[in-house]
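The structure under discussion appears below in the form of structure tokens.
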Amino acid sequence: MAEEQECSHSCGSCGVEGCGERTAPSKYTTNAASNVKHVIGVVSGKGGVGKSLVTSLLASELRKKGFNVGILDADVTGPSIPKTFGVTDKLHADETGIYPALTDSGIKVMSVNLMLPKGDMPVAWRGPVVSGIIKQFWDETNWGDVDYMLIDMPPGTSDVFLTVFQMLPVDGIVTVSAPQELVAMIVGKAVNLAHDLDVPVVGLVENMAYFKCDECGKEHHIFGEPQGAAVAEKYGIPAVATLPIDPKFAALCDEGKVEEYDVAGALDDIIAHVEAAKREEAEEKAE
Ligand SMILES: Nc1ncnc2c1ncn2[C@@H]1O[C@H](COP(=O)(O)OP(=O)(O)OP(=O)(O)O)[C@@H](O)[C@H]1O
0 MAEEQECSHS
10 CGSCGVEGCG
20 ERTAPSKYTT
30 NAASNVKHVI
40 GVVSGKGGVG
50 KSLVTSLLAS
60 ELRKKGFNVG
70 ILDADVTGPS
80 IPKTFGVTDK
90 LHADETGIYP
100 ALTDSGIKVM
110 SVNLMLPKGD
120 MPVAWRGPVV
130 SGIIKQFWDE
140 TNWGDVDYML
150 IDMPPGTSDV
160 FLTVFQMLPV
170 DGIVTVSAPQ
180 ELVAMIVGKA
190 VNLAHDLDVP
200 VVGLVENMAY
210 FKCDECGKEH
220 HIFGEPQGAA
230 VAEKYGIPAV
240 ATLPIDPKFA
250 ALCDEGKVEE
260 YDVAGALDDI
270 IAHVEAAKRE
280 EAEEKAE
């Protein structure tokens, strides 16, 4: 047991002889009221690059296409999803499980912030407690039918990252970066860890890639030249998207109206890859 707890299950970087022959812990399962078809983790190596914004925008775009969408806010100590969607209702439960909150367009949301008496209450919990919360969000929630479950990960590659990727059936990753070299390097760490954990990276979103001037219409690269395409090529990521620095993002997130933002097709390529992966998975299961 002790050995099992100490193991990172990141076999590519472990180096302990014979370790990989040990049995990995079995994944958490959802309850009888839930049918979750495809799970995407949204990750960033570094905080504040717009991971929660990208989770919210991807969820909104998938919902606009008519899918049932859920968001599991695994950023337990820094949850921001309820605020970006303006969801304030407290959670309730019955014998079938805890019901997720619903956004205006019907996206299902589970987040620690929906359980706290006040939104500004700090959450300073140790890793095992946080992992327990994520388990509860997964297997004690009445998710109903969900075509796409997006998991908003905490930044970095902490033990929560390992819990999610080892214990939940994550089908793919969308990674978020901003155009600084350091961030690109940190994205590389997250991507390599994902490869070690055998989860494909389906897309890279380069956020804050440029600012379009209202007056001259020119695109300015405030944080340096975009590197998304180069980073994606280096790590074999099939789809890349760029999002501008847009004060409207911050304003709509603050107002809880992120669903109203029109990404003007910027995420279409990534969404097409996510949909294709889900189709392939369904075909494999049917065989
Ligand atoms: N492209 C953008 N243009 C303008 N503001 C943005 C953009 N992307 C993110 N922001 C703003 O930056 C702040 C941080 O974004 P967000 O919470 O999505 O980052 P994060 O990576 O999830 O952060 P954390 O690591 O704390 O979870 C938010 O206020 C958001 O509205």
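Counting from 1, position 35 in the sequence shown corresponds to residue 34 in numbering that gives the first Met the number 0; the numbering is continuous, with no gaps.
Glycine included, C-beta positions come from ideal geometry on N, C-alpha and C.
Remember, it's a predicted structure, so these values are computed and weren't measured experimentally.
So what's residue i in DSSP terms, helix, strand or just coil?
i, result
"Ser110", "coil"
"Gln4", "Bear in mind that a pLDDT of 47 at Gln4, under 50, signals an unreliable position, so the number given afterwards is only what the model happens to contain. DSSP places Gln4 in helix when its eight states are reduced to three."
"Thr174", "strand"
"Asn67", "coil"
"Gly131", "helix"
"Ser104", "coil"
"Ser33", "strand"
"Asp213", "coil"
"Gly126", "helix"
With distances taken from CA atoms, which of the options is nearest residue i?
i, options, result
"Val41", "Ile172, Glu94, Asp268, Gly49", "Ile172"
"Leu196", "Asp170, His220, His219", "Asp170"
"Lys89", "Pro78, Val111, Asp158, Pro178", "Val111"
"Val239", "Asp268, Cys215, Lys256", "Asp268"
"Arg62", "Lys284, His220, Tyr260", "Tyr260"
"Leu203", "Gly223, Leu115, Phe222, Ala265", "Ala265"
"Asn67", "Asn34, Gly126, Glu258", "Asn34"
"Phe222", "Tyr27, Val48, Trp137", "Val48"
"Gly143", "Val175, Ala263, Lys107, Leu167", "Lys107"
"Val190", "Asn30, Thr29, Ala32, Ser43", "Ser43"
Between residue i and ligand 1, is the CB less than 7 Å from at least one heavy atom?
i, result
"Asn112", "no"
"Glu206", "Just to set this straight, residue 206 is Asn in the shown sequence, not Glu. It does: the Cβ of Asn206 is within 7 Å (strictly closer) of some heavy atom of ligand 1."
"Ile172", "no"
"Val48", "yes"
Which stretch, first to last residue, makes up the beta strand (DSSP E) that contains residue i?
i, result
"Met148", "143-151"
"Ala271", "Here Ala271 belongs to no beta strand (DSSP E); instead the alpha helix (DSSP H) covers 267-285."
"Ala240", "238-241"
Tell me where the alpha helix (DSSP H) around residue i begins and ends.
i, result
"Ala228", "227-234"
"Asp93", "Careful: Asp93 lies outside any alpha helix (DSSP H), inside the beta strand (DSSP E) at 91-93."
Cβ pair count under 8 Å reaching 3, the region 202-214 against the region 144-157: no
The region 29-39 contacting the region 222-235, beta-carbon criterion three pairs below 8 Å: no
Given 8 Å, three or more beta-carbon pairs between the region 230-246 and the region 75-95: no
contact_flag[the region 51-58, the region 242-260] where n(CB pairs < 8 Å) is 3 or more: yes
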